[in-house]
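Participant: I am attaching a structure below and will ask some questions about it afterwards.
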Amino acid sequence: MRKLSIAVLVTTATFLCSLPLKSIAQINQKYKIGVVDLMLLKRQKLGALTLTKEIGADGVEIDMGGLGKRPTFENALANDSIRTVFLNKAKELNIEMFSLAMTGYYAQSFCGREEYKKSIEDCIKTMQLMNIKIAFLPLGVQCDLKKDPALIDSVVARLKIAGEMAKKAGVIIGIETALSATEEVKLLKEIGSEGIKIYFNFSSPLKEGRDLYKELKILGKKNICMIHCTNKDGVWLQNDPEIDMKKVKATLDKMKWTGWLVIERSRDANKPRDVKGNFGANTAFLKSIFQQ
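Number 292 marks the last residue of the sequence shown (UniProt numbering); no jumps.
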């Protein structure tokens with residue numbers, strides 16, 4: 001038994017020594033810092049991976065492409081050769097593609113489109129091909145449950161179906177709503193699927209004057225799959241008086257939550273198109289709080 005244990009230790013040590021230093025650091029991180037290709041102005045572009053590396057983030061959320069009135073997303077990653085290039089580049093740069101985003105549903109109606117199943121199927125298939133475990137589904141302006149509670153039955157019915165599709169595939173769909181944490185807990189209970197969780201966004205409670213830290217605790221560890229760890233645009237996170245990031249970390253630590261903190265906005269209003277400057281500063285700040 002002792003010889004076996006030593007052999008295991010030697011093998012593990014050899015493996016760790018073979019990894020780049022950043023890989024070893026990432027393995028030990030409770031929190032990983034990610035960015036969004038759409039917000040980097042590189043939607044489904046290979047350059048999003050290179051820029052993510054330059055910014056210093058651990059990974060990037062890749063968009064599924066435009067939706068419009070089409071039955072499904074304009075998804076270049078459905079092409080085997082293009083997808084392979086992305087996967088190889090991510091491996092070369094040691095960058096994780098940790099999520100696929102269905103941002104086409106910000107403007108299109110998830111609760112009203114007849115072809116919604118096809119788009120969900122295509123997203124899940126792409127996730128499986130890329131070994132990605134979480135997808136982002138915003139309910140958007142046309143399925144705003146806060147403004148129009150009458151839509152809840154339609155949303156629940158569709159998310160039950162999407163949730164079962166996700167569960168069967170071994171993945172999770174993270175939804176973003178305009179509801180309070182208490183209302184989101186109720187919504188998840190009505191959906192009743194392990195394949196649907198909340199993709200929490202700091203800006204949602206902040207713009208409504210709700211307590212960010214209490215909202216996190218109300219939702220709890222098991223209901224949050226990922227976090228948009230930014231606020232509205234205006235100032236960098238380190239200069240934002242609405243968020244005490246050390247208190248956020250203490251709250252998440254106490255909840256024993258781990259996962260991806262994703263930088264979506266919090267751009268400097270004076271330099272809104274300085275992609276590397278804005279996202280680089282926010283990445284460095286979050287790493288100083290969550291990865292020390």
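Virtual Cβ for every residue (Gly too), placed ideally from N, Cα, C.
Because the structure is a prediction, the values reported are computed rather than measured.
Quick one: what does DSSP say Asp37 is sitting in, helix, strand or coil?
Facilitator: If DSSP states are grouped into helix, strand and coil, Asp37 belongs with coil.
Participant: What first and last residue would you give for the alpha helix (DSSP H) that runs through Gly163?
Facilitator: It spans Ile152 to Ala169 - the alpha helix (DSSP H) in which Gly163 sits, taken as one unbroken run.
Participant: Mind checking which residues open and close the beta strand (DSSP E) that includes Asn201?
Facilitator: From DSSP, the beta strand (DSSP E) with Asn201 extends over Ile196 to Asn201.
Participant: Please state whether DSSP places Leu77 in a helix, a strand or coil.
Facilitator: The answer is helix: DSSP assigns Leu77 an H, G or I state.
Participant: May I have the straight-line CA-CA distance separating Trp236 from Leu179, to the nearest angstrom?
Facilitator: Looking at the two C-alpha atoms, the distance is approximately 25 Å.
Participant: So, are the CB atoms of Ile191 and Gly220 less than 8 Å apart?
Facilitator: Their beta carbons are not under 8 Å apart, which means Ile191 does not touch Gly220 by this criterion.
Participant: Just confirm the distance between the C-beta atoms of Ile134 and Phe110, as a whole number of angstroms; I'd bet it's less than 8 Å.
Facilitator: Between Phe110 and Ile134 the Cβ distance is about 17 Å, and since that is not below 8 Å, they are no contact.
Participant: On the three-state DSSP scale, how would you describe Lys241?
Facilitator: According to the sequence displayed, residue 241 carries Pro and not Lys. Pro241: coil per DSSP, three-state reduction.
Participant: Going straight from the alpha carbon of Asp240 to that of Glu121, what length do you get?
Facilitator: One C-alpha to the other measures close to 39 Å.
Participant: What are the partner residues of Met226, as DSSP defines its beta bridges?
Facilitator: For Met226, which the question treats as bridged, DSSP gives the partners Tyr199.
Participant: Using the three-state DSSP reduction, which class does Leu46 fall into: helix, strand or coil?
Facilitator: Coil at Leu46, not helix or strand.
Participant: Assuming the contact rule is C-beta atoms closer than 8 Å, Tyr31 and Leu261 should be a hit. Round their C-beta distance to whole Å, please.
Facilitator: 6 Å between Cβ atoms; contact.
Participant: Among the candidates Leu41, Ile173 and Ala250, whose CA atom is the shortest distance from the CA of Ile224?
Facilitator: For Ile224, the nearest C-alpha among the options comes from Ile173.
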